[in-house]
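Residue numbers (my numbering), protein chains in the order written: chain A, 1 to 305; chain B, 1001 to 1384.
Every residue, glycine too, gets a C-beta built ideally from N, C-alpha and C.
All of these numbers come straight from a predicted model, not from anything done at the bench.
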């Protein structure tokens, strides 16, 4: 029982990260019908930005909550700007072409970010500085939770509540919902769609960057290709929850995280070695596409001719 | 001259040419004329890349579905056939020893190719059915995920070497790789020109309209995807048995990406474009390596976190350059550099004739034809 609770805590920790990244995928897909392949790499950019901030602002030697907050928000802001620049210079010029074209551009962008960072930071992993003292807290039984896990929960819940507020209580959130409903109608109604799309990219990138910094705290090893697999799993989370659906992305992320750690913990009893943990998300994706392509919370949209 | 005789002559000429090039690669050379090992290796990789690009072009360029996991199918073909030749190769060599060494290895290689193609096709079917039933971009994600997962799975199978790599007998020579490159091109060309090919192109142009016209879109998409996967498997088999060593590092995402670059550069939906793309993408890194004396200023961050402005050789920017080429091609010329145009001698022979029926009706403002005719009639009456 203790190990089960422990596995669940670990699973929900990583699941919260998937959820944060999945939110960016699902928002961009909702608005542009584009799978933003570069989103997983923005997560990586966020982790590296946090690394640079931590080193150059001198927080690596003195762990404190203020240092962590500065690194987190600094990384979110810088990554949001990078996300908007990507949208401005890569995606906006191809928006008028077919979806295939935008998809290829997104793949190109993803590789551009990955290999530019390989050149800048070299491919070898870097150690992310410890920004907060890492203590273990014992819960009931023998299950423990450490500071960085706690941090992941608290920060991601706060960010998701913030996102909910932006989308449902602010004017720009209303515009985002309008654009995702129908871009052309929104434009006719006087919504500045270019701004809304850029804002969405910024918002999604900020969430991914927060995920990057949090993951780097939890598992202090960052490398330029770290976004590839985690981005893929986050996308599966978005599809599982119903792509374009924001609560769905969170639900999907938590489910994928939990499923993954449960396979690692208990898979060996039913013949699945724990090394297959990365295949779990993929198997889930195939099942979702076969059984319920619209996702758990998504509605089945009829194609308009 | 009947078409059968024509294609027979064509086949004989191709095989003779490939045989000459193959002989030039050997240490003796073709009547003394030889090429060095480095160029020989490049030629072989051009051949393998032509198979990959042409087959990916069938699904991406002609059917309009976006697969980005070609390296995954290549890996499936490579490892499944390599497992066969490593396990049974020696026994079969003795069993076929009456055919001579060349004969025996050729038969084993052909069986290996068959195995690699069939296994890759089956895997393509499993991956394709769920993702191709749906419209949209799911195939891209599923194939990307599949390629990564298959790599991880292979890495964990100790029977095929796992992380240490897998040594494979070197049965494949340039001759075989060349022959299969030609076969791939001919098969894909014939598919595209057949009824099925028309169906595939109609799916690319407008899936809804194709479905309304009675094309079973899912069926054709899956067929196209399975054939494409099978050829990727063949490329994998040839790669495994030429390279004599397999490592999962050869099948990383970057390999699939290279194949995509080939067809995007060559123009999606152009046979000759894909071939030229394969040649360019194989040779470009070598060209950059030759130019590595050129130093490019670039920001680097030292291991202690200091930002430095250092100059790095051009060829270490290879993948950054590829990514930029891809993005810029999409922005400036989304149909690829050569579009759907084909190259050939016919380009030289006759000027291209506009086909009938391309003149547009109506004017640029979209005035109805009846109104235009009325306006024309009125002006002519005024003139009278």
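Between which two residues does the beta strand (DSSP E) holding residue i run?
| i | result |
| --- | --- |
| residue 145 (chain A) | 144-146 |
Looking at the C-beta of residue i, does it have a partner C-beta in chain B at a distance below 7 Å?
| i | result |
| --- | --- |
| residue 278 (chain A) | yes |
| residue 359 (chain A) | Lying outside 1 to 305, the shown extent of chain A, residue 359 (chain A) is not represented and no answer is given. |
| residue 30 (chain A) | no |
| residue 125 (chain A) | no |
| residue 191 (chain A) | no |
| residue 286 (chain A) | yes |
| residue 104 (chain A) | yes |
| residue 35 (chain A) | yes |
| residue 200 (chain A) | no |
| residue 235 (chain A) | yes |
| residue 360 (chain A) | No answer is possible for residue 360 (chain A): the residues shown for chain A start at 1 and end at 305. |
In terms of residues, what are the limits of the alpha helix (DSSP H) holding residue i?
| i | result |
| --- | --- |
| residue 1091 (chain B) | 1070-1095 |
| residue 1406 (chain B) | Because chain B is modelled from 1001 through 1384, residue 1406 (chain B) falls outside the range shown and cannot be assessed. |
| residue 269 (chain A) | Note, residue 269 (chain A): premise wrong, no alpha helix (DSSP H); not H, not E. |
| residue 1130 (chain B) | 1100-1132 |
| residue 1280 (chain B) | 1271-1290 |
| residue 1173 (chain B) | First-last for residue 1173 (chain B): undefined, no H or E at that position. |
| residue 1212 (chain B) | 1207-1212 |
| residue 7 (chain A) | 2-32 |
| residue 232 (chain A) | 226-241 |
| residue 76 (chain A) | 65-86 |
| residue 55 (chain A) | 39-56 |
| residue 275 (chain A) | Taken as a continuous stretch (DSSP letters only), residue 275 (chain A) belongs to no alpha helix (DSSP H), as it is neither H nor E. |
Using DSSP bridges, identify the partner residues of residue i.
| i | result |
| --- | --- |
| residue 1298 (chain B) | B:1310 |
| residue 127 (chain A) | A:221 |
| residue 1019 (chain B) | Answer by DSSP bridge pairing: none, since residue 1019 (chain B) is not bridged. |
| residue 138 (chain A) | A:144 |
| residue 1167 (chain B) | B:1245 |
Residue i CB to nearest chain A CB: under 7 Å?
| i | result |
| --- | --- |
| residue 1314 (chain B) | no |
| residue 1319 (chain B) | yes |
| residue 1025 (chain B) | no |
| residue 1065 (chain B) | no |
| residue 1131 (chain B) | yes |
| residue 1294 (chain B) | no |
| residue 1152 (chain B) | yes |
| residue 1174 (chain B) | no |
| residue 1062 (chain B) | no |
| residue 1216 (chain B) | no |
| residue 1156 (chain B) | yes |
Against residue i, what residues of chain A qualify as contacts under a CB-to-CB distance less than 9 Å, listed in chain order?
| i | result |
| --- | --- |
| residue 1074 (chain B) | Per Cβ cutoff of 9 Å: no residues; residue 1074 (chain B) is ~18 Å from chain A at best. |
| residue 1300 (chain B) | 119, 120, 121 and 122 |
For residue i, return the contacting residues in chain A, with the cut-off set at a CB-CB distance below 7 Å.
| i | result |
| --- | --- |
| residue 1138 (chain B) | 289 |
| residue 1338 (chain B) | Simply none; closest approach about 16 Å. |
Interface residues of chain B around residue i at Cβ under 8 Å?
| i | result |
| --- | --- |
| residue 90 (chain A) | 1327 and 1331 |
| residue 39 (chain A) | The contacting residues do not exist; residue 39 (chain A) stays about 12 Å from chain B at best. |
Given residue i, which residues of its chain have a CB within under 7 Å of its CB, disregarding the five upstream and five downstream residues?
| i | result |
| --- | --- |
| residue 347 (chain A) | What is shown of chain A runs 1 to 305, which leaves residue 347 (chain A) out entirely. |
| residue 115 (chain A) | none |
| residue 1163 (chain B) | 1155 |
| residue 1201 (chain B) | 1062 |
| residue 143 (chain A) | 2, 5, 6 and 9 |
| residue 1203 (chain B) | 1063, 1064, 1210, 1215, 1217, 1220 and 1221 |
| residue 1139 (chain B) | 1065, 1066, 1067, 1131 and 1132 |
| residue 18 (chain A) | 233, 234, 237, 253, 256 and 257 |
Find the residues of chain B that neighbour residue i, judging by a C-beta separation of less than 7 Å, and give them in chain order.
| i | result |
| --- | --- |
| residue 108 (chain A) | 1323, 1326, 1327 and 1330 |
| residue 68 (chain A) | The premise fails here: residue 68 (chain A) is roughly 17 Å from chain B at the closest Cβ pair, so nothing lies under 7 Å. |
| residue 112 (chain A) | 1320, 1323, 1324 and 1327 |
Tell me which residues share the same chain as residue i and place their Cβ nearer than 8 Å to its Cβ, disregarding the 5 neighbours each side in the sequence.
| i | result |
| --- | --- |
| residue 1326 (chain B) | 1260, 1261 and 1264 |
| residue 1294 (chain B) | 1313 and 1314 |
| residue 1286 (chain B) | 1042 |
If the cut is a Cβ gap below 9 Å, which residues of chain B does residue i touch?
| i | result |
| --- | --- |
| residue 282 (chain A) | 1142, 1145, 1146, 1148 and 1149 |
| residue 296 (chain A) | Chain B residues near residue 296 (chain A): none, gap ~16 Å exceeds 9 Å. |
Which same chain residues end up closer than 6 Å to residue i when comparing Cβ atoms and leaving out the 5 residues on each side of it in sequence?
| i | result |
| --- | --- |
| residue 76 (chain A) | 206, 209 and 210 |
| residue 1378 (chain B) | none |
| residue 68 (chain A) | 131 and 132 |
| residue 23 (chain A) | 207 and 249 |
| residue 1191 (chain B) | 1197 |
Does the ligand COA have even one heavy atom less than 6 Å from the beta-carbon of residue i?
| i | result |
| --- | --- |
| residue 1294 (chain B) | The ligand COA is not among the ligands present in this structure, which contains no ligands whatsoever. |
What residues of chain A sit near residue i, judged by a beta carbon separation below 8 Å?
| i | result |
| --- | --- |
| residue 1134 (chain B) | 289 and 293 |
| residue 1305 (chain B) | 51, 52, 55 and 56 |
| residue 1334 (chain B) | 94, 97, 98 and 101 |
| residue 1049 (chain B) | Chain A residues near residue 1049 (chain B): none, gap ~18 Å exceeds 8 Å. |
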